[in-house]
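*Asks:* Counting from 768, one number per residue, gives the positions in the sequence shown under the numbering used here. Provided herewith is a single structure, encoded as structure tokens, for subsequent inquiry.
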Amino acid sequence: MMTRRTSIQVVGYAAVCLAILLLPTVLDNDYLLNRVARYLVLGILAMSLSLSWGYAGILNLGQALPFGIGSYCMAMTLKLRTVPVQTGAGGLPDFMVWNNVKTLP
């Protein structure tokens, strides 16, 4: 049974989660929107690691494998710059065209 204090905490957590989910609709700055998206992705990764390690007591990195493979592939794409000229507008990779990024960092 929930006491009054725990029900207030649940409502508070729900309000914070709702504010975080509605934040991208309020932000006009692309940089801040990119930061929020990155923090949410890393938060999901941290929660999955915490859940599997906390309840099972076994460090399971199976959920981190797709995250690591995606990071490695993105780093190699940006490092090697092996993108054919026919992709995207002006020879840019598609993800850069979609995100309106003009130059590599």
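Backbone N, C-alpha and C fix where the C-beta goes; we use that ideal spot for every residue, glycine too.
Please report the residue range of the alpha helix (DSSP H) in which Asn801 lies.
*Replies:* Counted from its first residue, the sequence shown places residue 801 at position 34. Its alpha helix (DSSP H) spans residues Asp797 to Ala823.
*Asks:* So, with DSSP's three-state summary, where would you put Met769?
*Replies:* Here the question's residue 769 lines up with position 2 in the sequence shown. Met769: coil per DSSP, three-state reduction.
*Asks:* Within the continuous alpha helix (DSSP H) that includes Val868, where are the two ends?
*Replies:* In the sequence shown, the residue the question calls residue 868 occupies position 101. Premise fails: Val868 is in no alpha helix (DSSP H) and is neither H nor E.
*Asks:* To the nearest whole angstrom, what separates the beta carbons of Leu800 and Leu809, a pair I think is in contact under 8 angstroms?
*Replies:* Position 33 of the sequence shown, counting from 1, holds the residue named residue 800. Position 42 of the sequence shown, counting from 1, holds the residue named residue 809. Incorrect: roughly 15 angstroms between the Cβ atoms, too far for contact.
*Asks:* Starting from the Cα of Leu789, find the closest Cα among Ala804, Gln776 and Val777 and give me that residue.
*Replies:* Stepping through the sequence shown from its first residue, residue 789 is reached at position 22. Nearest option by C-alpha distance: Ala804.
*Asks:* Would you tell me roughly how many angstroms separate the C-alpha atoms of Gly779 and Arg802, rounded to the nearest one?
*Replies:* Taking the first residue of the sequence shown as position 1, residue 779 is located at position 12. Taking the first residue of the sequence shown as position 1, residue 802 is located at position 35. Cα-Cα distance, rounded: 24 angstroms.
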